[in-house]
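Please read the structure below before turning to the comments.
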Amino acid sequence: MSLAGRIGIIFARKWIGGTTVSDALGAAAKLNAVGEKVIINYLGEELTDKAKVSKTVRTYIEIIRRMKSESINGCIAVKPTQLGLNISYSEFESNYEKIVEYAERMGIFVWMDMEDYITIDRSIKAYLHVLKKRRNAGICIQSKLLRSYQDIKRISKHRGIIRLVKGAYASHYGITYMKKTGVDNNYLKCMNYLFKSGSKFMVATHDDKMIGQARRLEARAHRRTMFGMLKGIRPSLARALIAEHEDVYIYVPFGEEWLEYSLRRLKELEHSMLILRSLISS
Ligand SMILES: Cc1cc2nc3c(=O)[nH]c(=O)nc-3n(C[C@H](O)[C@H](O)[C@H](O)COP(=O)(O)OP(=O)(O)OC[C@H]3O[C@@H](n4cnc5c(N)ncnc54)[C@H](O)[C@@H]3O)c2cc1C
0 MSLAGRIGII FARKWIGGTT VSDALGAAAK LNAVGEKVII NYLGEELTDK AKVSKTVRTY
60 IEIIRRMKSE SINGCIAVKP TQLGLNISYS EFESNYEKIV EYAERMGIFV WMDMEDYITI
120 DRSIKAYLHV LKKRRNAGIC IQSKLLRSYQ DIKRISKHRG IIRLVKGAYA SHYGITYMKK
180 TGVDNNYLKC MNYLFKSGSK FMVATHDDKM IGQARRLEAR AHRRTMFGML KGIRPSLARA
240 LIAEHEDVYI YVPFGEEWLE YSLRRLKELE HSMLILRSLI SS
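Everything in the sequence shown is counted per numbering that gives the first Met the number 0, starting at 0 for the first residue and increasing by one.
In structure tokens:
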């Protein structure tokens, strides 16, 4: 790695678990030591090279094996386009199934991350296919999408396990909410549904308003949810939830593709600062 790369990674370490499987498991063990569970993700997406897809599958198999042997408390998260969705649906489905099947034998849960809107139908199709045989799998749904409430209802009918996020991908007229209030209101609507009619689910956000409402609904509905946060974003909030006996998972991405991921987090930080500044100055 170049000198610039090495310097960059020192800063990015706040958000990523390093570049190797051993780095990621080391970061996971540290989080476990303070009561935080982990969701380990091997960075990389939009793969079109079969050799790279195979390497990704092998890496996940190694992570699962080592999570089990090193007693790491947590699960993994895979992205459809890193398992071959851009090569063919069948390539993706068989790789996904292979990982979930091996993870089931090792007692590890597998989340499917959600990517750009054009991948959603095929991602849900593969998830529902695997869910017919295995229960150690869950899927991410983005409140930013106009369709998500219906997707959640459909997946819940199959007792699917949902991780609710706002969504990190680009906005499109007629497909996503274009304003933050739309995304937030839909998040609250989807969360309400999950508390009433959903199977097990995760509230994955750093937003005080969403977390506060989730905690009120926990008390009202007499049921618990899981909370999910990204590594390095509001760690004191994660610790405060643990102190209140909540079940908290930290998403730990790792791998050579750390730059693009870190830039995405920087963009969100910049966006949050702009909102904060506009609130202070109004
Ligand atoms: C466990 C987990 C899994 C995820 N999986 C996916 C996925 O599969 N697909 C997908 O599209 N998205 C995923 N995301 C990302 C998600 O969609 C959002 O982009 C991200 O969580 C920011 O949204 P928010 O809910 O925290 O709310 P926001 O309204 O964006 O932020 C709420 C508050 O959090 C703080 N904050 C947010 N970002 C930063 C930052 N970078 N630095 C410092 N503070 C910050 C600020 O205080 C901000 O006011 C995931 C998020 C989590 C937590």
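Glycine is no exception: its CB is placed at the ideal position from the N, C-alpha and C atoms. Only a predicted model underlies this, so the values are computations on that prediction, with no experimental measurement involved.
Would you report the Cα separation of Ser281 and Gly106, rounded to the nearest angstrom? Note that Ser281 has pLDDT 37, beneath the 50 cutoff, so the model's placement of it is unreliable and the number below is only indicative. Spanning the two alpha carbons is a distance of roughly 51 Å.
Just to confirm before moving on: does the CB-CB distance between Tyr59 and Val77 stay below 8 Å? yes
Any idea what DSSP makes of Thr118, helix, strand or coil? helix
State whether the segment 119 to 137 contacts the segment 151 to 160, with contact taken as three or more CB pairs (one from each stretch) at a distance under 8 Å. yes
Check: Thr175 C-beta below 7 Å from any heavy atom of ligand 1: no
For Lys97, which residues does DSSP report across the bridge? Note: Lys97 sits in no beta bridge, so no partner.
Given a threshold of 16 other Cβ atoms within 10 Å of its Cβ, counted over all protein chains shown, does Lys156 qualify as buried or as exposed? exposed
I'd like to check one pair, Pro252 with Gly16: are the Cβ atoms closer than 8 Å? It is a contact, given that the beta carbons lie within the stated cut-off.
Should the segment 55 to 69 be called in touch with the segment 118 to 130, which here means at least 3 C-beta pairs below 8 Å? no
Should Arg219 be labelled buried (16 or more other beta-carbon atoms within 10 Å of its own) or exposed? By the 10 Å Cβ count, Arg219 comes out exposed.
Distance, Cα to Cα, Ser277 vs His270? Residue placement at Ser277 is flagged as unreliable, the pLDDT there being 49, under the threshold of 50; the coordinate-derived value follows with that caveat. Between Ser277 and His270, the C-alpha separation is close to 11 Å.
Which value, in whole angstroms, describes the spacing of the CA atoms of Asp283 and Ser142? This structure leaves residue 283 out entirely; the chain is present only between 0 and 281.
Are the segment 163 to 170 and the segment 188 to 208 in contact at 8 Å, needing three or more beta carbon pairs? With contact defined as three or more Cβ pairs closer than 8 Å, the segment 163 to 170 and the segment 188 to 208 are in contact.
Nonlocal neighbours in the same chain, by C-beta distance under 8 Å from Ile154, ignoring five residues either side: Ile123, Tyr126, Leu127, Ile138, Ile140, Ile161
Rounding to the nearest angstrom, what Cα-Cα distance links Arg264 and Trp257 in this structure? 11 Å
Measure from the C-beta of Val251 to each C-beta in chain B and report whether the shortest distance is under 8 Å. Within the model displayed, chain B is absent; a lone protein chain is all it includes.
Val33 classed as buried or exposed, judged by whether at least 16 other C-beta atoms fall within 10 angstroms: exposed
Alpha carbons only, please: which of His171, Ser89, Ser21, Gly231 is nearest the one belonging to Arg121? Ser89
For Gly211, is the classification buried or exposed, using 16 other Cβ atoms within 10 angstroms of its Cβ as the cut-off for buried? Gly211 is exposed by the Cβ-count criterion.
With respect to 7 Å, is the separation between the Cβ of Thr47 and the closest non-hydrogen atom of ligand 1 below this value? no
Three-state secondary structure (DSSP) at Ile75? Per DSSP, reduced to three states, the secondary structure at Ile75 is strand.
Which two residues bound the contiguous beta strand (DSSP E) that contains Lys36? Its beta strand (DSSP E) spans residues 36 to 41.
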